[in-house]
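S.K.: Numbering that gives the first Met the number 0 puts the first residue of the sequence shown at 0, with every later residue one more than the last.
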Amino acid sequence: MAEGERRLANGRERIEFSTEPARYRHWRLSVDGDVATLVMDVDENAGLFEGYQLKLNSYDLGVDIELADAVQRLRFEHPGVKVLVLRSGKNRVFCAGANIRMLAGSSHAHKVNFCKFTNETRNAFEDASQFSGLPTICVINGTAAGGGYELALAADHIILVDDGSASVALPEVPLLAVLPGTGGLTRLTDKRKVRRDRADVFCTTEEGVKGKRAVEWRLVDETAASTRLETVIAERARAFAENSPRVTNAVGITLKPLARRRAPDAIEYDHLSVTFDRVERLASITLRGVEHPPPATAEAMLA
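1) Per DSSP, what kind of secondary structure is Tyr23 in: helix, strand or coil?
2) Determine the closest residue to Gly61 out of Leu83, Arg24, Thr203, Glu229, with distance taken between C-alpha atoms.
3) Threshold first: 3 residues or longer. Then list the beta strand (DSSP E) segments lying entirely within the stretch 26-89, N to C.
4) In the DSSP output, what is Arg261 paired with across the bridge?
5) Could you spell out the range, first to last residue, of the alpha helix (DSSP H) harbouring Ala299?
6) Taking only three categories from DSSP, how would you classify Glu2?
7) Which residues in the same chain have their Cβ closer than 8 Å to the Cβ of Leu228, if we skip the five residues on either side of it in sequence?
8) When we look at the beta-carbon of Ile252 and count the other beta-carbons within 10 Å, is it buried (16 or more) or exposed?
9) What is the residue span of the alpha helix (DSSP H) that Val231 lies within?
10) List the residues that DSSP assigns as beta-bridge partners of Ser106.
11) Which residues share a DSSP beta bridge with Phe275?
12) To the nearest angstrom, report how far apart Glu279 and Phe116 are at their CA atoms.
13) How would you label Glu2, buried or exposed, when you count the other beta carbons within 10 angstroms and need 16 or more for buried?
14) Our contact map puts Gly79 next to Arg195 with C-beta atoms below 8 Å; I'd like the distance itself, whole angstroms only.
15) For Phe201, name the three-state secondary structure that DSSP assigns.
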């Protein structure tokens, strides 16, 4: 489909960023004590736009909108959670990265903003770990390619299933002649301390790296046989939870839907408004303070 012609699916007029777990189409979020599990199980027929299917756990902006929502809910609604396990709900595939057909039919502006938003979401995992004491363990049970591996790189610990098939790859250079767009190379060298010569070889190797070599090259932290995978996940989750500074049985704050009013050239919330000057390509944001006294106690704040 030519640039500018792509339509939102299901007759939608605009992209909505407000969602909640009960409305997720691509993720399943569960909490068991101090361990949360976020399962990526993308509905291939629930793309944000018309004209493509989200096969092999590939993603578009709609998938990441839900992911961003899940991370923030874990930080604020579930402060007693001390570790997040991120994994796939599909057999022998973790994530194939950004959907190529979606990108091929998108405008340049959408591609730029899509990459920015997905990178901000990956940053949110690291921000939650560093500043909220919520580390992430990523379990790769199959192919993690391109943006799929970049998603895994945002985690604190990566477990790769050692079954002769599961692999990690950044195939954008050999397949598409573009550099990874969501922080892959930076996280390889700066975060995981992968040697630069190995990073060069890795990002020009279409088939990726598996098993023992992936550990030796610091692309993942460890491998686990399929028969021991659940045991290894439980052991690592317990170890991370025990080192988390988060308070046990802490009470969270419910992130309720925001009241929003729209006009042709404005969006207004209770305490913030945005007006658009489309001729000057200018957006003006106005903040308004609350009109009632702040809560006097922590109990009142949580009420």
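Yeah, the Cβ is synthetic: ideal placement off N, Cα and C, and Gly gets one too.
Quantities reported herein were computed from a predicted structural model and do not represent experimental measurements.
M.R.: In brief:
1) coil
2) The shortest CA-to-CA distance from Gly61 to any of Leu83, Arg24, Thr203, Glu229 is the one to Arg24.
3) 26-31, 34-39, 82-87
4) Ile266
5) 297-301
6) Note that Glu2 scores a pLDDT of 46, beneath 50, so its modelled location is shaky; the value from the coordinates is reported in the next line. Coil.
7) Same-chain partners within the cutoff: Val138, Asn140, Ile158, Val160.
8) exposed
9) 228-241
10) Per DSSP, none; premise fails for Ser106.
11) The bridge partners DSSP lists for Phe275 are Ala282.
12) Going from the Cα of Glu279 to the Cα of Phe116 covers about 24 Å.
13) Caution applies to Glu2, whose pLDDT of 46 falls short of 50 and renders its modelled position unreliable; the model cannot decide the point.
14) Not really, about 41 Å apart at Cβ, beyond 8 Å.
15) Three-state DSSP puts Phe201 in a helix.
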